[in-house]
Each structure stands twice: as structure tokens, then as C-alpha cells.
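Q:
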Amino acid sequence: MICIIACLAAQAVLADAIVSAPPSPVRAAFGNTIVSTYPDGRKAELWLKPGGDYALKGRRGDRSSGHWSLRGPKLCLKQARPIPVPFNFCSPIPTNLTGGSWTAKAFTGETVQLQLVHGDDQSGPG
């Protein structure tokens, strides 16, 4: 009986924490596309899935996939395919993805413009 009361109390505290937790900045990306535009005008597309997986079509048409995570104000990607990469690439992400575009550095070091685009047509550019 004591466990039941303690377990119910713990569930209530957890439910309050979930309700009061701030929404994930990437939630708006689910079912949509994050488009990166490079200085040469080519575009890459990134699709985040709620379970922590991602798919990407690079600006040269190459495909990759892996796992994403949030580390503070940064979105981190760890490639699993076509070749597993032993490190994460992290980039700052705005708290409101629907607020227009933002600037970041690509893995190559180039400055890119990013924007959340409605829809998730994974046939991608190119």
C-alpha cells in the first residue's frame, strides 16, 4: 500500500515536470525540413524524427543518416550511415524554429543560412 501511494505521488510530480518543461526547440522540425543554403547557392536538407533519428541529403546529393540530440542550445548530429562517424557535429539552434532563418557554420566551416520549410518531401533538392 505504501508503494502504491509513493508511486502515485512520484507519477504526479513527474507529470507536473513534463507539463511545465519548456517545449523542445526541434519539435517544430518534426514533419518538416531544415534547409541549409551554402554560399554557392546549393542546398542541403535535414529531416529530424521524434525518436532521435535523422536523414540528410547533402548539397551534392549525397545521403546520410544517424542520430540527433540536444546539448543545451545546440543541435548535435552523429552520422551512422553511410559510414559511422565517431564524433558529433553540433550547431546552435534557435529556441523558435518558426521564426525565420538563422545563420550557422556547416561541418565544412562555411557559413550557411538555415530555414525551417513546411513539409518533409525527402526526395530533396537536386
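First residue of the sequence shown? That's 4 in my numbering, and the numbers climb one at a time after it.
From the three backbone atoms N, C-alpha and C, an ideal C-beta is built for every residue, glycine too.
Compute the Euclidean distance between the alpha carbons of Leu119 and Gly112, then round it to the nearest angstrom.
A: Between Leu119 and Gly112, the C-alpha separation is close to 21 Å.
Q: With distances taken from CA atoms, which of Leu73, Arg74, Lys77 and Ile86 is nearest Asp65?
A: Checked all of Leu73, Arg74, Lys77 and Ile86; the closest Cα to Asp65 is Ile86.
Q: Pick helix, strand or coil for Ala31, following the three-state DSSP scheme.
A: It is helical.
Q: Would you identify the three-state DSSP class for Phe92, choosing helix, strand or coil?
A: Reduced to three states, the DSSP call for Phe92 is strand.
Q: What are the start and end residues of each continuous beta strand (DSSP E) run of 3 or more residues lying completely inside the segment 42-122, in chain order?
A: Complete beta strand (DSSP E) runs here, min 3: 46-51, 56-60, 66-74, 77-84, 92-95, 104-108 and 114-120.
Q: Thinking just about the alpha-carbon of each residue, which of Gly122, Asp124, Pro97 and Thr106 is nearest to the one in Ser39?
A: The shortest C-alpha separation from Ser39 is found at Thr106.
Q: If we call anything under 8 Å between Cβ atoms a contact, is Pro42 one with Thr114?
A: Against a cut-off of 8 Å, the Cβ pair of Thr114 and Pro42 comes out as a contact.
Q: Output yes or no for whether 8 Å exceeds the beta carbon distance between Leu59 and Val29.
A: Against a cut-off of 8 Å, the Cβ pair of Val29 and Leu59 comes out as no contact.
Q: Rounded to whole angstroms, what's the CA-CA distance from Thr36 to Pro89? Just pull it up for me.
A: Approximately 25 Å, taken between the alpha carbons.
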